[in-house]
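Asker:
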Amino acid sequence: MSPFRNKKFVIAVAVMIVLLAAAVRLYKLGSIPVALYIDEVAMLADVKSVLATGHDIHGNNWYQLIYPSYGDYKLPVYIWLVTAVSSVIGASDFSLRLVSALAGIGTVIIAGLLAKELAIYFSNSNKHKLISSVFPLATMFVVAISPWSVMFSRTGFEGHLAQFFVWLSIYLILTSKKRRWLFILGVLFGVLSVYTYYSVRFVWPVIFVSTLLLQLWYEPTKHKLARLFSFIAKIVLGLLLLFVFLMPLEKSPYFVASEQLRMSTDSIISFERYSDIVIRSNDLIKQSGATLVDRLIFHRYFLWLKDLSLNYSRNLSFDFLFFSGDSNLRHGTGAHGVFLLAFLPFLLIGLISLLREKPVLATALFIMILAALLPASVPMTTPHALRSINALVPFSVYIGYGIAIFVNSLITLYEYHREKVIFLSILALMIVIFTAFDFFHYYFVIYPKSSSKSWFACEQKLQQLISSRDHSQVLALLNSPKNFFLWYLAYSDINLKFLEGKKSREDSQSYLSIKNIVFDSSISELNKDYKQEIIFKGIYLSQIEDKGIILTSIRPINSEEKGCDYMLAQTQP
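Going by the numbering used here, the first residue of the sequence shown is number 1189, and it counts up by one from there.
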């Protein structure tokens, strides 16, 4: 008898997978990656301000629906949750990333529960009973150790938290057959996901409708008309609730600015790109003879769809999924795909098997993947692991099903080909262990150094240098990193209740100075008859001395980062 038919064994394996997921997400969470990205620093600054004053760094109430931050206009849910966690354990790099780590662990659990729920749609044959018990565990395992989930679980990106809410929402909707109140709760979590990450508003409705189509297709009932009516009513109710709950967001004073910022991203729907497509379309039609067929083939909409398809292909490529991943070192190691290479054959097995056995389920999952990849396929920067993070779970379901099919085949053949089955089992296990070890060793040993620049390690070192200075004197930062005031607010001991700062204009989201620190000064503004502290890059030392300014107590920054040769010095009148 297969141990996977033993309920206690299945639960024990599930618990071990969750513990494994927790271990790789919580180990050195506050120090790997080596520093916070600017978006994380901005959130930490707002969290500290909310804890101290009840307002963000610009003096707005904590319950606002859009945080202006440093001009990137953040949605509130991640900041609210970090604030709640930090009120208990204190605001730090660890508390900021803990929310995402918990979402990552939660995603492992939800992926398994989703797979278990989808397994209900299989037949009750002995084969599918075994697959149905392995399938959820395999899906959990895939999410638990995949670079895609692990890396974003260890960083404070809102998109990762949003995808957890998306799939929690879908799970609740799938399980709402007997407890209808779960449907409303599921929709509310869908709304919460949209209030967590902007692009989810285009993703969740498609996944929501696809889920209801699955229920309509697979759930047997004698009353087909009643089932169809229920399907339509759920769609209308769900989308209506989403629309109603999003209305307050549009009334935010920062809504228009946030939309303008996102539309300014270089994408295939930007005015400049669309104009290029129109010009290209006209040129091709003219060159080919301008027949009716030419006008159809080279129509600007077809060319636009071709560009969109090309972007989709990059996000669906095996290179992205299993070999190189995202070249942005905040989204990947640059040396691994978003899934372990060992999972590639299982993706193919799972996809082919589902298409043969449950084509509607396979198609619904693929539609969900296409919807999830849309925010990553419209911008010109492709592939993009963060914008496509909502595809993590459906891809994992495919892979998990492939593993379940493989395990079922081994168990079935064990009685007749024992030695071959043992050999294949050990080989498959060793390949998975090797690829997993390769990723985790690279991530925890090599990646911290290779990615330090991408994680703004220099800015963190610079803030440490500032913290060690004489706080009684005026400090001028010459050509400092952009938005460096965020690091000062996030890490200094400044009393945020009495924040005194100067902005370039009333509606600006950036501080030029805070108390006696000037963040964006220049050499021309230095006065040789005035005593103050300055921070500058080593390349400007000769220019400062040429101006007749005497420097004393010169201290270099403690950093090996290229281009991070900052120095702290005192001017002598």
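Glycine is no exception: its CB is placed at the ideal position from the N, C-alpha and C atoms.
Can you give me the C-alpha to C-alpha distance between ARG1389 and VAL1566, rounded to a whole angstrom?
Answerer: If I take the Cα positions, the gap works out to 15 Å.
Asker: Give the single residue among ALA1326, VAL1276, VAL1222, GLU1228 whose Cα lies nearest to the Cα of VAL1620.
Answerer: ALA1326
Asker: Do GLY1590 and SER1512 have their beta-carbon atoms positioned less than 9 Å apart in this structure?
Answerer: no
Asker: Are at least three pairs of beta-carbons, each pair with one atom in the region 1567-1586 and one in the region 1611-1626, less than 8 Å apart?
Answerer: no
Asker: What are the boundary residues of the alpha helix (DSSP H) that includes THR1384?
Answerer: Element bounds for THR1384: n/a, residue is neither H nor E.
Asker: So, do the region 1524-1532 and the region 1453-1472 have three or more beta carbon pairs nearer to each other than 8 Å?
Answerer: no
Asker: For TYR1604, which three-state DSSP category applies?
Answerer: Residue state, collapsed to three classes: coil.
Asker: Keeping to the same chain, check which residues put their C-beta closer than 8 Å to that of GLU1607; ignore five residues upstream and five downstream.
Answerer: Answer for GLU1607: no residue qualifies.
Asker: Less than 9 Å between the C-beta atoms of ILE1723 and ALA1678, yes or no?
Answerer: Inclusion of ILE1723 and ALA1678 in the CB contact set at 9 Å is not warranted, their separation being larger than that value.
Asker: Along the beta strand (DSSP E) that carries ILE1738, what are the first and last residues, could you check?
Answerer: Unbroken beta strand (DSSP E) run through ILE1738: 1738-1744.
Asker: Leaving out five residues on either side along the sequence, give the residues of the same chain with a beta carbon under 6 Å from the beta carbon of LYS1685.
Answerer: ALA1240, THR1241
Asker: For SER1515, count neighbouring C-beta atoms within 10 Å of its own C-beta (all shown protein chains included) and say buried if the count is 16 or more, exposed if not.
Answerer: exposed
Asker: Given 8 Å as the limit, is there contact between the region 1552-1566 and the region 1391-1399, that is, 3 or more CB pairs closer than that?
Answerer: Taking 8 Å as the limit for Cβ pairs, the verdict is that the region 1391-1399 does touch the region 1552-1566.
Asker: Count Cβ pairs between the region 1552-1560 and the region 1272-1291 that sit closer than 8 Å; are there 3 or more?
Answerer: Contact between the region 1552-1560 and the region 1272-1291 is not established, with fewer than three Cβ pairs separated by less than 8 Å.
Asker: Is HIS1348 near GLY1292, with beta carbons less than 9 Å apart?
Answerer: yes
Asker: From ILE1372, VAL1330, VAL1203, pick the residue whose C-alpha is nearest to that of VAL1424; which is it?
Answerer: Ranking ILE1372, VAL1330, VAL1203 by Cα distance to VAL1424 puts ILE1372 first.
Asker: So SER1381 packs on SER1357, CB below 8 Å; how close in whole Å?
Answerer: Right, their Cβ atoms sit about 6 Å apart.
Asker: What number of angstroms, rounded off, separates the C-alpha of ILE1308 from the C-alpha of PHE1353?
Answerer: 23 Å
Asker: Determine the direct distance from the alpha carbon of LEU1269 to that of HIS1411, and round the result to whole angstroms.
Answerer: Their backbone Cα atoms lie some 44 Å apart in a straight line.
Asker: Among LEU1663, LEU1612, ARG1518, which residue has its Cα nearest to the Cα of TRP1643?
Answerer: Scanning LEU1663, LEU1612, ARG1518 for the CA closest to the CA of TRP1643 turns up ARG1518.
Asker: Tell me whether the region 1197-1208 and the region 1643-1658 touch, counting them as touching only if at least three CB pairs, one residue from each stretch, are closer than 8 Å.
Answerer: Contact fails: fewer than three Cβ-Cβ distances are below 8 Å.
Asker: Classify GLY1525 as buried or exposed, calling it buried when 16 or more other Cβ atoms lie within 10 Å of its own Cβ.
Answerer: buried
Asker: Please report the residue range of the beta strand (DSSP E) in which VAL1706 lies.
Answerer: 1705-1709
Asker: Assuming LEU1253 and PRO1436 make a contact with CB atoms under 8 Å, what is their CB distance in whole Å?
Answerer: 6 Å
Asker: Taking only three categories from DSSP, how would you classify TYR1225?
Answerer: coil
Asker: Where do the ends of the alpha helix (DSSP H) carrying GLU1748 lie?
Answerer: Element bounds for GLU1748: n/a, residue is neither H nor E.
Asker: According to DSSP, is THR1759 part of a helix, a strand, or is it coil?
Answerer: strand
Asker: Grouping DSSP H, G and I as helix and E and B as strand, with all else coil, what is LYS1262?
Answerer: strand
Asker: I need the boundaries of the alpha helix (DSSP H) containing PHE1508, first residue and last residue.
Answerer: Counting along the chain, PHE1508 falls outside any alpha helix (DSSP H), and DSSP gives it neither H nor E.
Asker: Identify the continuous beta strand (DSSP E) that holds GLU1713 and give its terminal residues.
Answerer: No beta strand (DSSP E) contains GLU1713, which DSSP labels as neither H nor E.
Asker: Is the region 1658-1671 touching the region 1715-1731 in the sense that three or more CB pairs, one from each, lie closer than 8 Å?
Answerer: yes
Asker: Tell me the rounded alpha-carbon separation between ILE1732 and THR1740.
Answerer: Looking at the two C-alpha atoms, the distance is approximately 12 Å.
Asker: Go through the region 1619-1660 residue by residue and report every complete run of the alpha helix (DSSP H) that reaches 4 residues or more, in order.
Answerer: 1635-1638, 1645-1655
Asker: On a Cα-Cα basis, can you pick out the residue from ILE1226, PHE1396, ILE1395 that is closest to ASN1671?
Answerer: ILE1226
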